[in-house]
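Student:
Protein chains in written order, with UniProt numbering: chain P, 1 to 204; chain A, 1 to 204.
1) Cβ of residue 93 (chain A) less than 8 Å from any chain P Cβ?
2) Measuring only the C-alpha atoms, how far is residue 45 (chain P) from residue 182 (chain A)?
3) What residue from P:14, P:8 and P:48 has the CA that sits closest to residue 36 (chain P)'s CA?
4) Would DSSP call residue 75 (chain A) helix, strand or coil?
5) DSSP puts residue 34 (chain A) in a beta bridge; with which residues?
6) Sort out for me which residues DSSP pairs residue 85 (chain A) with in a bridge.
7) Output yes or no for whether 8 Å exceeds the beta carbon distance between residue 38 (chain P) and residue 103 (chain P).
8) Which same chain residues, not among the five before or five after residue 97 (chain P), have their C-beta less than 8 Å away from its C-beta?
9) So, for residue 1 (chain A): in the same chain, excluding its five sequence neighbours on each side, which residues have a beta-carbon less than 6 Å away from its beta-carbon?
10) Rounded to the nearest angstrom, what separates residue 11 (chain A) and residue 18 (chain A) at their Cα positions?
11) Output the boundary residues of the alpha helix (DSSP H) element that contains residue 21 (chain P).
12) Go ahead and label residue 180 (chain P) buried or exposed: buried means 16 or more other beta carbons lie within 10 angstroms of its beta carbon, across all protein chains shown.
13) Mapping the DSSP letters down to three states, classify residue 197 (chain A) as helix, strand or coil.
14) Whose Cβ in chain P lies nearer than 9 Å to the Cβ of residue 122 (chain A)?
15) Kindly list the residues whose CB is nearer than 7 Å to the CB of residue 163 (chain A), restricted to its own chain and excluding five residues on each side of it in sequence; keep chain order.
16) With a threshold of 8 Å between beta-carbons, can residue 160 (chain P) be considered close to chain D, or not?
17) Chain P partners of residue 167 (chain A), CB-CB under 8 Å?
18) Taking 8 Å as the threshold (beta carbon to beta carbon), is residue 170 (chain A) in contact with chain P?
19) Less than 8 Å separating the beta-carbons of residue 99 (chain A) and residue 89 (chain A)?
20) Give me the chain P residues within the contact set of residue 108 (chain A), using Cβ-Cβ distance strictly less than 9 Å, ordered along the chain.
21) Tell me, please, whether the CB atom of residue 174 (chain A) is closer than 8 Å to any CB atom in chain P?
22) Which chain A residues sit within Cβ distance under 9 Å of residue 178 (chain P)?
23) So with CB distances below 8 Å, who are the chain P contacts of residue 117 (chain A)?
24) Out of A:107, A:137, A:174 and A:25, point me to the one whose CA is closest to residue 75 (chain A)'s CA.
25) List, in chain order, every chain P residue whose beta-carbon is nearer than 9 Å to that of residue 214 (chain A).
26) Could you check if residue 178 (chain A) is buried or exposed, using at least 16 other CB atoms within 10 Å of its CB as the buried criterion?
27) Quick one: complete beta strand (DSSP E) runs, 3+ long, within the segment 148-199 of chain P?
28) Buried or exposed for residue 169 (chain P), going by 16 or more other Cβ atoms inside 10 Å?
29) Give the DSSP-derived three-state secondary structure of residue 145 (chain A) in the structure shown.
30) Looking at the ligand ATP, does it come within less than 7 Å of residue 102 (chain A), judged from the CB to the closest heavy atom?
31) Confirm, please, whether the CB-CB distance from residue 194 (chain A) to residue 161 (chain P) is below 8 Å.
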């Protein structure tokens, strides 16, 4: 039996640009992992393709899938469901393939509970870094602006602690490259590598 | 005060090629970390340079350093001392620089106890038989010494579980590139940058 694949989860706050970064990653050659297409009940937008951008289904179909235990994770946003069908993910992982999910933070936390050895990457907006810089430099912004940003920063930091890595989305190409670097490196983590390696050497 | 640097530890069984891989890494441009030169009492080998490959010192000098609490780690192998002087490492880390150590496994475990947030990378031979061949080819040891090292190597492979990452030294250039990838990725680990980040934002 092949070694089970690694589940890679890219998430982050709404509007941070997860989809754009994910598309950049998958526009490139030589990725050693597959993208798991999400399922949604929202309307297809111009240019989107069913079975490529999402599996577009009705509310009834989605709810049947939930009831049947067929979703790895799901959430509702603005009256629409978004989620990851379990079947494809499991087939790929069982075949030893690494699988890449790009999902909302609520969904990512559901996956974290079910798949403890997944790789969780948080995409964070550059204004958090800017905020840090402004506080370091001190006194170029009014207090109200800083306070608003501080609140946002606190929420995002709260989310970030549940992830293994955090990448700033300052430039799409850079963020994509960092995420690919993280995925490569993670394959050599002892906790992922050692069980298989010991087996090969015949050492217990 | 600058953020304290990351301590990077490359270790692995005797004869695995740690030194060669380390030299390959430091022969390249653009590394964001400095090499901490080890101190040893062993004989200088042809081509080695004092103060570059090692600080070559007498047994008496080394033991005085130990007594003075000046060593971050040290160990004895085949009647010689090998170790890392603490002073340089601390200066670099305090200045926010990442420091790279290439040390023996016993020393690495001493560092692990003292520096829990270090990055520990284990270099491992393609297999045990190849390790034996490498030791024979080096031609500087008798068979009894080689057998001792083989036993030690098995123990050391078991020690891999005390490391964060393991890289197989099948090809020097590949192993060097993997280690550099790991170091890059590790900088984006949430556990490394979040405490500092929260502190600077004044968030708990």
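Glycine included, each C-beta is placed from N, C-alpha and C at the ideal position.
Tutor: Working from what's here:
1) no
2) 39 Å
3) P:8
4) strand
5) A:99
6) A:71
7) yes
8) 5, 33 and 34
9) Interpretation of residue 1 (chain A) is limited by its pLDDT of 48, a score under 50 that renders its predicted location unreliable; the figure taken from the coordinates is listed afterwards. So the list is empty, once near-sequence residues are dropped.
10) 7 Å
11) 18-26
12) buried
13) helix
14) 190
15) 120, 121 and 122
16) The structure shown has no chain D; the protein chains it does contain are P and A.
17) 188
18) no
19) yes
20) In chain order: nothing, as chain P lies at least about 13 Å away.
21) no
22) 184, 185 and 188
23) Ordered by position in chain P, no residue passes the 8 Å Cβ test against residue 117 (chain A), which lies about 15 Å from the chain.
24) A:107
25) Chain A is shown only over 1 to 204; residue 214 (chain A) falls outside these bounds and no answer can be derived.
26) buried
27) 165-168
28) buried
29) helix
30) With respect to the ligand ATP, the structure shown offers nothing to examine, as it has no ligands at all.
31) yes
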